[in-house]
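In my numbering, the protein residues as written are 220 to 707.
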């Protein structure tokens, strides 16, 4: 993945390589932090007409023994009643219930019921319990691994509700980590989930998307099979089929997002050419009032592609609807999360070619970025600042921006405790001195932020980063060198 903003002030190739590696590491960290904003597991909650009182009291050791007895009952009705009660309590489990799940025989009992259930309802209630157990924080895949053969087998059930719940449970398990995904793959889950992706039933298709999104997370030994089994082409067909269903589009976009995040350049080309991205952009052009639930996976997909090669970024920018979508989501965001995703995607676009930078400038993005840098919190300021720096570097157009408004904001970056913000602040001052003619940059710094040179001097005294210290030292020399010329 390329750095998020362009290289600017590096005197030696070895230092440039070191900086590039550091920026790449920072990009990967920011992507990981962004991933963690969204839960990879989903509880199966009760519907509004179901009882709201089942899990409102503390589950005690006595309750545990009674539950075990009921689950072992020879009467199907008692087992079903116990399963229904257990599934409700698992939505907000007490410590005692957690102990029963993690250290007791809860999963073994549920797996046994899956194998001998006398009715579809009994099997379904057992599946719901396993689904919610697999959604526990801190419950490893080992607790539910014994159920995998049963769950995979039920993906072929003629009962749609059971098939759906089995896929849901597998999706929760896949979110647990690499080991769990490899176990599911070895158990034969992937081809059956891919087959389920192609169904016409909206609910089944959405659940298949959820499971496949989690299966597509890296690392895995089988990621290439998503492309060998033509999953991108299936996604494109389903996006066309469900163009009028925002919930379906959102789930399909999540699969696209995870595929794009882990793809090679060749695989990204396949995702670009299969028609899925065109279907997504067609949907957003017709549905301009979508909420975060739909927009976040869409923008995530587009941002992951924009982080590819320059040619892939350009192919995205050239598609009708892409740039207007980003501008709309930044100008009037549906939520803070949508705004941040859109700024992330834009920073990758502006790190590309001059043609792509010119396209976003022409779309009127710069005033919105300036507004964010001036008025938003530091996390959003940072995202907007990436794009402003890229636009100035690639387009060589700092002079076309409201520089006097931006100088105090970037001096605040220099004072920050965040190393990344500090480097961005320093880079802005380098640009200011380099791009403004006739040493106007120094004069503008004095006027717009008289305390700016003091901030640079303080930074040079405290920074442990050799590159930053060398760059700041050169900036201070230029600042006082101008002073000397005026005095002479």
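C-beta: ideal position from N, C-alpha, C; glycine also.
Simplified DSSP assignment, three categories, for residue i
i, result
"residue 684", "coil"
"residue 260", "coil"
"residue 587", "helix"
"residue 376", "coil"
"residue 363", "coil"
"residue 354", "coil"
"residue 615", "coil"
"residue 293", "coil"
"residue 383", "helix"
"residue 319", "helix"
"residue 543", "helix"
"residue 660", "helix"
"residue 575", "helix"
"residue 396", "coil"
"residue 278", "coil"
"residue 644", "helix"
"residue 438", "coil"
"residue 451", "helix"
"residue 621", "coil"
"residue 493", "coil"
Sequence-distant residues of its chain with Cβ nearer than 7 Å to residue i (five each side left out)
i, result
"residue 618", "654 and 655"
"residue 382", "373, 374, 376 and 423"
"residue 477", "432, 435 and 436"
"residue 536", "542, 568, 575 and 578"
"residue 428", "416, 470, 471, 473 and 474"
"residue 411", "371, 374 and 375"
"residue 522", "560, 563, 564 and 567"
"residue 305", "286 and 348"
"residue 279", "315"
Assigned exposure category for residue i - 16 Cβ within 10 Å defines buried
i, result
"residue 600", "buried"
"residue 378", "exposed"
"residue 686", "buried"
"residue 636", "exposed"
"residue 395", "buried"
"residue 709", "Outside the displayed range of the chain (220 to 707) lies residue 709, so it cannot be described from this structure."
"residue 398", "exposed"
"residue 698", "buried"
"residue 350", "buried"
"residue 482", "buried"
"residue 371", "buried"
"residue 335", "exposed"
"residue 330", "buried"
"residue 293", "exposed"
"residue 531", "buried"
"residue 453", "buried"
"residue 393", "buried"
"residue 284", "exposed"
"residue 692", "exposed"
"residue 597", "exposed"
"residue 681", "exposed"
Distance cut-off 7 Å: residue i Cβ against heavy atoms of the ligand HEM
i, result
"residue 590", "What this structure holds is no ligand at all, so the ligand HEM is not there to describe."
Test item: CB-CB of residue i and residue j under 8 Å
i, j, result
"residue 543", "residue 489", "no"
"residue 500", "residue 534", "no"
"residue 504", "residue 475", "no"
"residue 560", "residue 587", "no"
"residue 409", "residue 366", "no"
"residue 627", "residue 674", "no"
"residue 641", "residue 633", "yes"
"residue 467", "residue 425", "yes"
"residue 515", "residue 557", "yes"
"residue 510", "residue 564", "no"
"residue 709", "residue 421", "Missing from the structure shown is residue 709; the chain here goes from 220 to 707 and no further."
"residue 286", "residue 307", "no"
"residue 695", "residue 670", "no"
"residue 263", "residue 347", "yes"
"residue 620", "residue 585", "yes"
"residue 341", "residue 298", "yes"
"residue 527", "residue 484", "yes"
"residue 608", "residue 663", "no"
"residue 780", "residue 368", "Any property of residue 780 remains undetermined from this structure, which presents the chain solely from 220 to 707."
"residue 498", "residue 458", "yes"
"residue 679", "residue 688", "yes"
"residue 345", "residue 295", "no"
Own chain residues within Cβ distance below 6 Å of residue i, not counting five before or after
i, result
"residue 486", "446"
"residue 647", "629"
"residue 610", "569 and 576"
"residue 277", "313"
"residue 271", "Because residue 271 sits at a pLDDT of 46, beneath the cut-off of 50, its placement in the model cannot be relied upon, and the following sentence gives the value as read from the coordinates. Cβ within range, chain order: n/a, list empty."
Cβ neighbours of residue i in the same chain (closer than 8 Å, five flanking residues each side left out)
i, result
"residue 317", "355"
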